[in-house]
Amino acid sequence: MRMEYAVLSVLLIPLLVVAHPGGVDSFGGHKNKSTGEYHCHRDSCRAAHNQVQSATQDAEKEGRSFSQLYDRKDYPHWSDLDGDCMNTRHEILAASSVGNTRISPDGCYVSSGQWNDPFSGKVYVRASDLDVDHIVPLKWAHIHGAAEWPRNLKEKFANDPENLLAVDDALNQAKGAKGPTEWMPPNQNYRCEYLSRWVLVLRKYSLAMQPGENRIFQKQLSACSLSS
Numbered sequence: 045m046r047m048e049y050a051v052l053s054v055l056l057i058p059l060l061v062v063a064h065p066g067g068v069d070s071f072g073g074h075k076n077k078s079t080g081e082y083h084c085h086r087d088s089c090r091a092a093h094n095q096v097q098s099a100t101q102d103a104e105k106e107g108r109s110f111s112q113l114y115d116r117k118d119y120p121h122w123s124d125l126d127g128d129c130m131n132t133r134h135e136i137l138a139a140s141s142v143g144n145t146r147i148s149p150d151g152c153y154v155s156s157g158q159w160n161d162p163f164s165g166k167v168y169v170r171a172s173d174l175d176v177d178h179i180v181p182l183k184w185a186h187i188h189g190a191a192e193w194p195r196n197l198k199e200k201f202a203n204d205p206e207n208l209l210a211v212d213d214a215l216n217q218a219k220g221a222k223g224p225t226e227w228m229p230p231n232q233n234y235r236c237e238y239l240s241r242w243v244l245v246l247r248k249y250s251l252a253m254q255p256g257e258n259r260i261f262q263k264q265l266s267a268c269s270l271s272s
């Protein structure tokens, strides 16, 4: 009986392929030519399709277009752009340390120093306690226009010192991909400077907020006597 079932399964596979002319795409799904609807034949496809639908709906609610899902790997970061064996993270740590900085014998890694974290207002001495934050987060930039950038521009953005800041790792994780209308540093003395950094990066890369976000952002800037 088991052998008969196995044989039947093998025979059915070609029939399933024939029943869907053109086969399936790399996700394991395809569009029905009669109805125009997309449907899946693999679990991985269903998960990806659900993500796309959710992202598309979010984009429609926010009045923007959706092009593709965000994948952090599309934004190569912590690159060694100058070829000195120290990647961008450690370049930022070395440049922003205000005390004695300890670097590995090979000159590639920063292990300790003294950092004044602007997000918390605290002082740190261990590099492992810090994240290097993208002031304008990669995912935020992606859904506000960066999705259409060529890969080399995405890498430039992900490693741009003007968009990077050594901060408390827990606060960086709490921020996630949020913009300033959703998250601000707990250290109120730094908030206006934080907003000014946002303005700088948005201008530099021609990124724009959605209308609803921008109304709040303009009020925040006005409170700091800043303009976009």
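Residue 94 in the numbering used here sits at position 50 of the sequence shown; the count goes up by one each step and never skips. Backbone N, C-alpha and C fix where the C-beta goes; we use that ideal spot for every residue, glycine too. None of these values were measured; they are calculated from a predicted model.
**Request:** Express the C-alpha separation of Ala214 and Trp184 in angstroms, rounding to a whole number.
**Result:** Roughly 19 Å separates the two Cα atoms.
**Request:** Might you give, ordered along the chain, the residues of its own chain that have their beta carbon closer than 7 Å to the beta carbon of Ser4, omitting 5 neighbours on each side?
**Result:** Outside the shown range of the chain (45 to 272) lies residue 4, about which nothing can therefore be said.
**Where Cys236 sits in the DSSP three-state scheme** = In the three-state reduction of the DSSP assignment, Cys236 falls in the helix class, which pools H, G and I.
**Asked** Apart from the five residues on each side of it in sequence, which residues of its chain come closer than 8 Å, Cβ to Cβ, to Tyr234?
**Response** Excluding sequence neighbours, Tyr234 sits near Pro162, Phe163, Gly165.
**Request:** With Ala138 as the anchor, note down where its alpha helix (DSSP H) starts and where it stops.
**Result:** Following the DSSP letters along the chain, one finds Ala138 inside the alpha helix (DSSP H) bounded by residues 132 to 140.
**Message:** Using a 10 Å radius around the Cβ and a threshold of 16 neighbouring Cβ atoms, would you call Leu209 buried or exposed?
**Reply:** With 16 or more other Cβ atoms within 10 Å, it is buried.
**Asked** Which residues share a DSSP beta bridge with Asp177?
**Response** BP columns for Asp177 point to Leu209.
**Prompt:** Within the chosen definition, does the stretch 176 to 183 reach the stretch 114 to 121 through at least 3 CB pairs nearer than 8 Å?
**Reply:** Touching, yes.
**Message:** Suppose the cutoff is 6 Å on Cβ atoms and the five residues either side in sequence are ignored; what does the same chain contact list for Tyr114 look like?
**Reply:** Excluding positions up to five away in sequence, the list reads Lys183, His186.
**Prompt:** In terms of DSSP beta bridges, what is Ser250 paired with?
**Reply:** None, per the DSSP bridge assignment.
**Request:** Using only alpha-carbon positions, find the residue among Met253, Phe261, Met130, Gln232 that is nearest to Asp150.
**Result:** Nearest C-alpha to Asp150: Met130.
**Message:** Whole angstroms are fine: how far does the CA of Cys152 sit from the CA of His134?
**Reply:** One C-alpha to the other measures close to 8 Å.
**Asked** Can you give the Cα-Cα distance for Ala218 and Val180, rounded to whole angstroms?
**Response** Distance between Ala218 and Val180, taken at the CA atoms: about 14 Å.
**Prompt:** Which of the three DSSP states, helix, strand or coil, is assigned to Gly256?
**Reply:** In this structure, Gly256 counts as helix in the three-state DSSP scheme.
**Asked** What are the boundary residues of the beta strand (DSSP E) that includes Asn160?
**Response** Counting along the chain, the beta strand (DSSP E) containing Asn160 begins and ends at 154 to 160.
**Prompt:** Can you name the residues that DSSP bridges to Tyr119?
**Reply:** Bridge partners of Tyr119: none, in fact.
**Request:** In angstroms with no decimal places, state the Cα-to-Cα distance between Arg86 and Ala221.
**Result:** Between Arg86 and Ala221, the C-alpha separation is close to 30 Å.
**Request:** Output yes or no for whether 8 Å exceeds the beta carbon distance between Ser155 and Arg146.
**Result:** Between Ser155 and Arg146, the C-beta spacing is below 8 Å.
**Request:** Taking only the alpha-carbon atoms, compute the straight-line gap between Ile260 and Gln254 and give it to the nearest angstrom.
**Result:** Looking at the two C-alpha atoms, the distance is approximately 10 Å.
**Item:** Limits of the alpha helix (DSSP H) - the one that Arg195 falls within
**Value:** Secondary structure note for Arg195: its alpha helix (DSSP H) is the uninterrupted segment 195 to 202.
**Prompt:** Going by the beta-carbon positions, is the gap between Phe201 and Ala191 smaller than 8 Å?
**Reply:** It is not a contact, given that the beta carbons lie outside the stated cut-off.
**Asked** Is it right to say Pro230 is buried, meaning 16 or more other beta carbons lie within 10 angstroms of its own, or is it exposed?
**Response** It counts as exposed.
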